[in-house]
Amino acid sequence: MHTIINRADGSVLGTLSGEEAALLHEVLVDEFEGDADFNIRPATIELLEGKLQPESLAWLREAAEEQGSVEIGLEEEMQEPTFEGVLRGTDGEPLGGLRVDVLEPIEATAFSRPDGAFQLPMPGAKARFRITARGNLVLEEFEESTDQPLDIELQIISGQLVTPDGNGLPLAILSLDSWELLSSAHRPPEQQLSWARTDTDGNFRLPVAFPRLSGQARCDFEVFAASGEPLGGYLSIDVELDTQMLLGRHEVPAPNPNWPADETETIARLSLPMN
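Have a look at this one:
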């Protein structure tokens with residue numbers, strides 16, 4: 414069995430049999446680079462008709478329609494004994510939906526739940542772990558003994574997206590595409606480093622991995638409505654590199670309720686990271 418995780422918050426959407434999970438891979442693996450994560454839109458469900466059980470299609474469709482799209486993670490059922498841990502932001506609050514991998518001496522993948530907790534197969538007395546944002550940004554990679562549960566604090570950027578009427582923008586995607594230190598010419602070449610989905614009030618908490626330095630970083634973001642509509646161009650914000658990286662309120666254009674007028678692609682990946 415495979416547990417299907419909503420990458421936006423770590424909530425459990427449902428379960429798939431091993432056969433269904435294999436069929437999901439077969440249908441979508443050519444569309445996505447990652448081997449464990451897929452972005453599902455309502456149109457994607459059409460490709461899965463007749464391949465997944467009706468009840469599986471029902472909860473996938475419900476999640477995709479509610480949010481406009483949903484990125485899922487597939488977590489294989491684990492046998493006892495397990496190794497546990499929790500992920501928190503620098504604000505002390507839990508971080509759900511992040512990917513945790515054991516790299517050595519075994520290989521396994523899990524996703525943190527809404528309370529930040531995760532479970533992995535017991536890897537041995539010591540293991541190498543990697544924590545990845547919703548996107549391709551490696552937040553932490555380290556070797557640690559497994560005699561105690563992990564309690565990991567991760568950097569976050571927090572703030573709120575609002576529309577011109579002053580209301581929070583719900584269920585939007587904020588994607589950190591690139592950043593640079595203002596005191597340096599260094600600029601990472603990676604794109605789509607990390608993304609977060611806003612809550613019903615437009616608030617977001619975005620995991621990042623900035624240098625532990627003082628100063629400022631200029632961050633370039635893209636914003637997408639729940640429908641996938643791009644909202645304006647790049648949003649460039651200077652972030653003070655400290656423990657509490659608070660961005661405050663930032664206004665973006667209101668979504669077009671009629672977007673898209675003609676959806677020609679069965680699967681629209683947009684600019685969302687798939688790993």
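According to our numbering, the residues represented by the sequence shown are 414 to 688, in order.
The C-beta atom is built at its ideal place from N, Cα and C for all residues, glycine as well.
With a cut-off of 8 Å on the beta carbons, I'd call Phe634 and Leu587 a contact; round off their distance for me. 6 Å
Would you call the CB atoms of Arg545 and Glu488 closer than 9 Å? Note on residue identity: the sequence assigns Thr, not Arg, to residue 545. No, Cβ-Cβ distance for Thr545 and Glu488 is not below 9 Å.
Just to check my reading of the structure: Leu589 and Leu619 have Cβ atoms closer than 8 Å, yes? What is that Cβ distance to the nearest angstrom? 6 Å
Buried or exposed for Asn452, please, with buried defined as at least 16 other CB atoms from any protein chain shown within 10 angstroms of its CB. buried
Report the residue from Arg501, Ala530, Ile418 whose alpha carbon sits nearest the alpha carbon of Trp472. Ile418
Could you pull out every residue in the same chain whose Cβ sits closer than 6 Å to the Cβ of Pro602, ignoring the five residues on either side in sequence? Low confidence applies here, because Pro602 scores a pLDDT of 48, under 50, leaving its location unreliable; read the following figure in that light. Excluding residues within five positions, none has a Cβ falling inside 6 Å.
Inspect the beta-carbon positions of Ala421 and Gly510 and report whether they are closer than 9 Å. yes
As assigned by DSSP and simplified to three states, the class of Gly628: coil
Helix, strand or coil for Pro602 per DSSP? Legend: pLDDT at Pro602 = 48, less than 50; position of this residue unreliable, value from coordinates given subsequently. DSSP places Pro602 in coil when its eight states are reduced to three.
Does the beta-carbon of Ala538 have 16 or more other beta-carbons within 10 angstroms, so that it is buried, or is it exposed? exposed
Taking three-plus beta-carbon pairs below 8 Å as touching, is the stretch 478-486 in contact with the stretch 451-467? yes
Would you call the CB atoms of Gln532 and Thr495 closer than 9 Å? yes
Helix, strand or coil for Gln492 per DSSP? coil
Should Pro668 be labelled buried (16 or more other beta-carbon atoms within 10 Å of its own) or exposed? buried
Run of the beta strand (DSSP E) containing Ala622, from where it starts to where it stops: Careful: Ala622 lies outside any beta strand (DSSP E) and carries neither H nor E.
For Ala638, is the beta carbon positioned less than 8 Å from some heavy atom of the ligand SAM? The model depicted lacks the ligand SAM and carries no ligand whatsoever.
Rounded to whole angstroms, what is the Cα-Cα separation between Gln573 and Glu497? 32 Å
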